[in-house]
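S.K.: To start, I am sharing the structure in question, which I have written as structure tokens.
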């Protein structure tokens, strides 16, 4: 029974590893194909492909903007956002992995936690050897 459970878990774990690698490769291929299509359309001064039966068509959309600010200028950025009516965009957060690490340290040291913080312990298994 125990051996069967371990074998089943190991098999599922390996299947996830394989699927993640396949997904990673597929996403890289998708990005490459997308860029090749964009380059082709731009070279031909087109904003869309032709329409093909059973395949459809593609169109270049407005580019998606990604913005960031370094920690050094964050106070100025936050002040600017507040002064320009974007207070709702300003949120104080702590990343969940950071909070989990702090709570773990507190539980080991003093047991004192910040008010309102809850936690749970998720059992986990690590596989060793057998490859």
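Residue numbers (our numbering): 451 to 581.
A virtual CB, placed ideally from N, CA and C, is assigned to each residue, including glycine.
(1) Leaving out five residues on either side along the sequence, give the residues of the same chain with a beta carbon under 8 Å from the beta carbon of residue 567.
(2) What are the boundary residues of the alpha helix (DSSP H) that includes residue 550?
(3) Just the C-alpha distance for residue 463 and residue 571, rounded to the nearest angstrom, thanks.
(4) Give the DSSP-derived three-state secondary structure of residue 519 in the structure shown.
(5) Restricting to runs no shorter than 3 residues, where is the beta strand (DSSP E) found entirely within the segment 489-513?
M.R.: In this structure, then:
(1) To locate residue 567, count along the chain shown from 1; it is residue 117. The residues are 549, 553.
(2) One-based indexing of the chain shown puts residue 550 at position 100. Element bounds for residue 550: 546-559.
(3) Counting from one through the chain shown, the residue named residue 463 turns up at place 13. Counting from one through the chain shown, the residue named residue 571 turns up at place 121. About 21 Å.
(4) One-based indexing of the chain shown puts residue 519 at position 69. Coil, per DSSP.
(5) none
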